[in-house]
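Residue numbers (the working numbering): 3 to 179.
Some notes on the structure that comes next.
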Amino acid sequence: MKTVKTTICLLVGMLCLSLTTYAQDKPISVDFDGYDANIEIIKEYTKTMNSGDAVKLSSFFTDDAMIIGLGGISDTINKKQHLEMYTANFAQNTYDVNEGVNLSVRIGDGAQVPPGDYGFSWGTVSSTSKSTKRTAMTNYHVVTAINEGKIAMMWFYYDTMPFVLRDGATITPPKKM
């Protein structure tokens with residue numbers, strides 16, 4: 003009887019283990035048609051940032067795209083606001099974006115995020131003020147959701163402090179108590 007109970011427990015344990023490992027069955031892949039095209043979109047966006055062409059930069063987005071994390075009053079902006087922001091920004095600054103690593107993945111059903119194609123880019127960005135000639139640099143990470151060859155959503159992650167300090171802000175330490 004002890005052998006039967008042990009065997010049943012092992013079978014139940016193996017079943018549970020197989021069900022949990024099956025739940026993770028390849029929801030993310032880097033081996034798919036469209037990988038190279040997605041990488042090219044990321045690289046062209048970066049090249050356009052360096053050229054300072056706000057209209058061309060805007061052309062990478064779908065009409066209802068959302069851009070998240072560029073700072074300012076609203077954390078989420080649309081394609082039109084992105085164009086307005088970069089038109090004004092390119093008039094005041096030049097950019098040098100250096101890509102370090104680019105990656106594209108296709109996410110299938112069963113993942114924690116919506117299925118689709120995503121692009122990832124890591125690197126450094128420096129911005130030089132045209133009026134003061136002062137430069138600031140920081141690391142960045144950008145995530146893009148790519149839909150039919152256009153960017154549907156873009157998330158920016160970077161430290162804004164170097165740019166604020168470049169533009170004249172100062173940090174005042176707290177007074178001793």
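In this text, a Cβ means the ideal position worked out from N, Cα and C, and glycines have one as well.
Shown here, residue 136 sits in coil according to DSSP, grouped into three states, outside any helix or strand. With a cut-off of 8 Å on Cβ pairs, the region 28-45 is in contact with the region 94-112, counting three or more such pairs. Residue 67 carries a strand assignment under DSSP once its states are collapsed to helix, strand and coil. Cβ-Cβ separation between residue 97 and residue 141: approximately 14 Å, too far for a contact (criterion under 8 Å). The three-state reading of DSSP puts residue 172 in coil, since its state is none of H, G, I, E or B. CA-CA distance, residue 164 to residue 154, rounds to 29 Å.
In the three-state scheme derived from DSSP, where H, G and I count as helix and E and B as strand, residue 38 is classed as helix. Close CB contacts of residue 134 within its chain, under the 7 Å cut and outside five residues either way in sequence, are absent. Counting C-beta atoms within 10 angstroms of its own C-beta, residue 65 has fewer than 16 neighbours from the protein chains shown and is therefore classed as exposed.
Around residue 168, the same chain offers 136, 138 as residues with beta carbons nearer than 6 Å, after the five sequence neighbours per side are excluded. Rounded to whole angstroms, the separation of the alpha carbons of residue 67 and residue 58 is 15 Å. The Cβ atoms of residue 48 and residue 101 lie closer than 9 Å to each other.
The residues 77, 157, 158, 159, in chain order, have a CB closer than 7 Å to that of residue 71 in the same chain once the five nearest residues on each side in sequence are set aside.
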